[in-house]
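Enquirer:
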Amino acid sequence: MSLTAEEVRKIAHLARLSIQEEKVQTYADNLSGILDLVAQMETVNTDDVAPMAHPQEVTQRLREDVVTETSQREKFQQIAPATEAGLYLVPKVIE
Amino acid sequence: MAWETVIGLEIHAQLATRSKIFSGASTAYGAAPNTQACAVDLALPGVLPVLNREAVRMAVKFGLALDADIPQRSVFARKNYFYPDLPQGYQISQFDQPIVARGHLDITLENGETRQIGVTRAHLEQDAGKSLHEDFHGLTGIDLNRAGTPLLEIVSEPELRSAKEAVAYMKKMHALVQYLEICDGNMAEGSFRCDANVSVRPVGQVEFGTRAEIKNLNSFRFIERAINYEVERQIDLIEAGGEVVQETRLYDPDKGETRSMRSKEEANDYRYFPCPDLLPVEISTALLDEVRQTLPELPDEKKQRFMAEFSLSEKDATELSANREIAEYFEVVAQGCGEAKMAANWVMGELSAHLNKADIPIAECPVSAKTLTVLIQRITDKTISGKIAKDVFVELWSGESDVDAIIDSKGLKQITDSSAIEAMIAEVLENNPSQVEQFRAGKEKLMGFFVGQVMKASKGKANPGQVNEILRRLLNS
Chain A
66 MSLTAEEVRK IAHLARLSIQ EEKVQTYADN LSGILDLVAQ METVNTDDVA
116 PMAHPQEVTQ RLREDVVTET SQREKFQQIA PATEAGLYLV PKVIE
Chain B
10 MAWETVIGLE IHAQLATRSK IFSGASTAYG AAPNTQACAV DLALPGVLPV
60 LNREAVRMAV KFGLALDADI PQRSVFARKN YFYPDLPQGY QISQFDQPIV
110 ARGHLDITLE NGETRQIGVT RAHLEQDAGK SLHEDFHGLT GIDLNRAGTP
160 LLEIVSEPEL RSAKEAVAYM KKMHALVQYL EICDGNMAEG SFRCDANVSV
210 RPVGQVEFGT RAEIKNLNSF RFIERAINYE VERQIDLIEA GGEVVQETRL
260 YDPDKGETRS MRSKEEANDY RYFPCPDLLP VEISTALLDE VRQTLPELPD
310 EKKQRFMAEF SLSEKDATEL SANREIAEYF EVVAQGCGEA KMAANWVMGE
360 LSAHLNKADI PIAECPVSAK TLTVLIQRIT DKTISGKIAK DVFVELWSGE
410 SDVDAIIDSK GLKQITDSSA IEAMIAEVLE NNPSQVEQFR AGKEKLMGFF
460 VGQVMKASKG KANPGQVNEI LRRLLNS
């Protein structure tokens with residue numbers, strides 16, 4: 066299975082990754098190699114195998130519905146690039 | 010050409026847990042910005058989600074109420090997209106193994122007909138934060154207090170055929186989640202909102218038309234208007250030779266129209282995959298049994314019981330059972346006064362009118378169920394007339410609490426002394442000789458006039474039954 070340069074650019078955009086144009090073909094080749102491996106694995110007969118969502122045979126532990134966190138806004142906002150009136154400020158995103 | 014409308018709804022109900030779905034931050038509404046957004050909600054490096062037991066129980070409770078399939082295993086998945094109100098860069102949701110699978114809900118239409126609507130699934134997910142687009146020097150403000158609030162997304166089959174049906178379904182679901190006490194149902198605060206998938210097709214065609222998704226409808230009125238507008242738009246478009254584009258649209262309540270949100274090039278490429286931070290959730294038979302024990306009497310069951318126990322009409326029973334608190338209030342009054350029909354009329358009439366006018370829920374009603382019971386008892390024991398009772402109710406509403414004290418202090422006691430009533434009637438007849446003559450000549454409808462005059466003379470206090478009876482006797486003598 067081979068990934069096109071266009072598909073690589075799309076995947077990079079979806080992940081918000083900036084990639085250098087001259088490396089697109091290398092990425093396409095490398096990613097295609099991974100997909101080839103997956104394709105190879107897919108030839109194994111798995112009819113009797115249940116789909117796996119997690120490698121361990123354990124289930125999720127649940128926590129009680131209790132509020133345990135107190136506001137640490139001041140600490141968190143010290144590392145934010147911009148804040149005002151308690152809000153985190155980000156570049157305008159409205160369409 | 011005749012067109013058929015096809016609607017599917019995705020309802021988002023915020024679950025009424027104290028803490029968030031994956032963190033111990035509070036979910037209380039209205040806190041100062043970002044004071045309820047902890048490290049997990051902010052997706053700081055190294056944090057891990059831990060699932061809230063109560064959110065799981067609430068989803069299961071919902072599934073049981075819909076008579077839905079609840080699989081033994083349920084898996085969380087990541088839905089990937091970038092938006093500043095979602096710091097993780099993905100929403101933890103569920104994809105191919107939701108907590109609640111196929112179920113159904115019966116809705117009652119305006120003509121009294123009942124339709125069963127399929128519910129495809131309901132899954133747990135986390136809510137996003139809020140973007141505030143007011144001007145912060147050209148920047149957008151982000152409040153992450155809501156980020157991580159548990160949501161139950163309830164997806165219907167595309168089986169709704171009109172805006173009215175969509176509203177009926179939404180109202181029924183709204184009542185249900187409140188009955189179950191899993192969602193406060195506050196639409197103004199966004200606790201209960203929906204997206205509508207709308208398409209049209211020529212009547213008789215089996216394939217669906219292309220659909221548009223209308224986002225974030227948070228009132229019953231908007232849902233109806235938005236869907237009706239969208240249906241018209243699509244029909245006009247197709248009849249003019251155009252094609253409906255699959256896209257997301259926003260309803261503008263001020264203009265009463267839907268408009269396209271600029272469709273993103275990479276729209277809906279969410280690349281779901283199982284969330285590696287969370288293990289599969291196991292729903293044991295023990296948990297199902299335990300939650301089943303906590304199921305309250307549901308709206309349909311209550312309606313049936315009201316009809317059987319209180320001989321109410323289906324219409325009254327439906328209206329009274331739609332809201333759990335109103336139903337409970339009604340039941341206290343009906344049992345207390347022993348006159349279910351009167352109790353129903355008072356609750357749906359005076360009481361509802363006052364609540365609507367004051368725009369308050371019944372929980373804040375100044376007239377308690379016990380007080381209304383006493384008031385109705387004073388009508389049935391003939392102390393006051395129904396008309397005077399309405400005046401007493403106004404006093405009760407404005408803070409008085411003792412029905413008998415109001416009746417005494419205002420001298421509202423009904424006149425049941427036949428001789429006193431007879432004297433008043435005699436006077437009315439004496440003062441209106443020509444009407445008496447006309448009545449005796451056959452103009453029966455003057456009866457209303459005489460009753461009115463007598464009631465006026467008695468300041469509304471004469472017992473209407475006795476007035477009628479004595480009037481007839483004197484007029485026909």
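Going down the list, the protein sequences come from chains A and B. Taking the numbering used here, the leading residue of the first sequence gets 66, the next gets one more, and so forth. Taking the numbering used here, the leading residue of the second sequence gets 10, the next gets one more, and so forth. Ideal Cβ placement from N, Cα and C applies to all residues, glycine included.
Between which two residues does the beta strand (DSSP E) containing Leu-154(A) stretch?
Expert: 152-156
Enquirer: Determine the DSSP secondary structure at Gly-474(B), reduced to helix, strand or coil.
Expert: helix
Enquirer: What does DSSP give as the partner residue(s) for Gln-23(B) in the beta ladder?
Expert: Leu-160(B)
Enquirer: Name the two residues that bound the continuous alpha helix (DSSP H) containing Tyr-188(B).
Expert: 172-188
Enquirer: Taking only the alpha-carbon atoms, compute the straight-line gap between Thr-111(A) and Leu-287(B) and give it to the nearest angstrom.
Expert: 24 angstroms
Enquirer: Under 8 angstroms Cβ-Cβ, which residues of chain A neighbour Cys-47(B)?
Expert: Glu-134, Gln-137
Enquirer: Of all the beta strand (DSSP E) runs that stay within the bounds of the region 75-162 of chain B, which reach a length of 3 or more residues?
Expert: 85-89, 99-103, 112-117, 123-135, 139-145, 148-152
Enquirer: Classify Lys-48(A): buried if its beta carbon has 16 or more other beta carbons within 10 angstroms, exposed otherwise.
Expert: Outside the modelled stretch of chain A, which goes from 66 to 160, sits residue 48(A), for which no answer is possible.
Enquirer: Taking the beta strand (DSSP E) that Lys-224(B) belongs to, which residues open and close that run?
Expert: 221-226
Enquirer: Tell me, please, whether the CB atom of Glu-134(B) is closer than 7 angstroms to any CB atom in chain A?
Expert: no
Enquirer: Express the C-alpha separation of Gln-121(A) and Glu-275(B) in angstroms, rounding to a whole number.
Expert: The pLDDT assigned to Glu-275(B) is 47, lower than 50, so where the model puts this residue is not dependable; a value taken from the coordinates is nonetheless given after this. C-alpha separation (whole angstroms): 34 angstroms.
Enquirer: I want to see whether chain B comes within less than 7 angstroms of Ala-118(A), judged by CB atoms only; does it?
Expert: yes
Enquirer: Here's the rule I'm using: 16 or more other beta-carbon atoms within 10 Å means buried, otherwise exposed. How should Asp-263(B) be labelled?
Expert: exposed
Enquirer: Applying the 10 Å Cβ sphere with the 16-neighbour rule, what's the burial state of Pro-283(B)?
Expert: buried
Enquirer: Report the option in Glu-256(B), Ile-101(B), Ser-320(B), Lys-324(B) whose CA atom is closest to the CA atom of Tyr-281(B).
Expert: Restricting attention to Glu-256(B), Ile-101(B), Ser-320(B), Lys-324(B), the CA atom closest to the CA of Tyr-281(B) is found in Ile-101(B).
Enquirer: Just to confirm the assignment, what range does the alpha helix (DSSP H) spanning Arg-242(B) have?
Expert: 229-248
Enquirer: Is there at least one Cβ from chain A nearer than 7 angstroms to Val-84(B)'s Cβ?
Expert: It does; some Cβ of chain A falls within 7 angstroms.
Enquirer: Excluding the 5 residues flanking Asp-504(B) on each side, which residues of the same chain have their C-beta closer than 7 angstroms to its C-beta?
Expert: No statement about residue 504(B) is possible, as the shown extent of chain B runs from 10 to 486 and does not include it.
Enquirer: Mind checking Ser-574(B): buried by the 16 CB within 10 Å criterion, or exposed?
Expert: Shown here, chain B extends from 10 to 486; a query on residue 574(B) therefore has no answer.
Enquirer: Counting only C-beta atoms, is Lys-157(A) closer than 7 angstroms to chain B at any point?
Expert: True, the Cβ-Cβ gap to chain B drops below 7 angstroms.
Enquirer: Measure the alpha-carbon distance for Pro-375(B) versus Leu-405(B) and round it to whole angstroms.
Expert: 7 angstroms
Enquirer: Roughly how many whole angstroms lie between the Cα atoms of Gln-423(B) and Asp-390(B)?
Expert: 10 angstroms
Enquirer: Can you tell me whether Thr-389(B) is helix, strand or coil according to DSSP?
Expert: helix
Enquirer: Look at the alpha carbon of Glu-340(B) and the alpha carbon of Ser-361(B), and state the distance between them as a whole number of angstroms.
Expert: 15 angstroms
Enquirer: According to DSSP, is Ile-205(B) helix, strand or coil?
Expert: In the sequence as displayed, the identity of residue 205(B) is Ala instead of Ile. Note: Ala-205(B) maps to strand in three-state DSSP.
Enquirer: Am I right that Leu-127(A) and Arg-27(B) are in contact with their C-beta atoms under 8 angstroms? What's the rounded C-beta distance?
Expert: In fact, because the Cβ distance is near 14 angstroms, the residues do not count as touching under 8 angstroms.
Enquirer: Which residues in chain A sit within 7 angstroms of Pro-1(B), going by Cβ to Cβ distance?
Expert: Absent from the structure is residue 1(B), since the part of chain B shown begins at 10 and ends at 486.
Enquirer: Cα separation between Gly-194(B) and Ala-184(B)?
Expert: 8 angstroms
Enquirer: Is it right to say Leu-102(A) is buried, meaning 16 or more other beta carbons lie within 10 angstroms of its own, or is it exposed?
Expert: exposed
Enquirer: Could you please give the first and the last residue of the uninterrupted alpha helix (DSSP H) stretch that includes Ser-330(B)?
Expert: 323-330
Enquirer: Quick test of the definition: if touching needs 3 or more C-beta pairs under 8 angstroms, does the region 29-36 of chain B touch the region 222-241 of chain B?
Expert: no
Enquirer: What does the alpha-carbon distance come out to for the pair Arg-481(B) and Lys-454(B)?
Expert: 12 angstroms
Enquirer: Please state whether the Cβ-Cβ distance between Ile-116(B) and Tyr-38(B) is less than 7 angstroms.
Expert: Cβ atoms of Ile-116(B) and Tyr-38(B): not closer than 7 angstroms.
Enquirer: What is the DSSP secondary structure of Ile-30(B), reduced to helix, strand or coil?
Expert: coil
Enquirer: May I ask which residues mark the beginning and end of the alpha helix (DSSP H) holding Ser-427(B)?
Expert: 427-440
Enquirer: Is there a C-beta anywhere in chain B that falls below 7 angstroms from the one on Leu-152(A)?
Expert: yes
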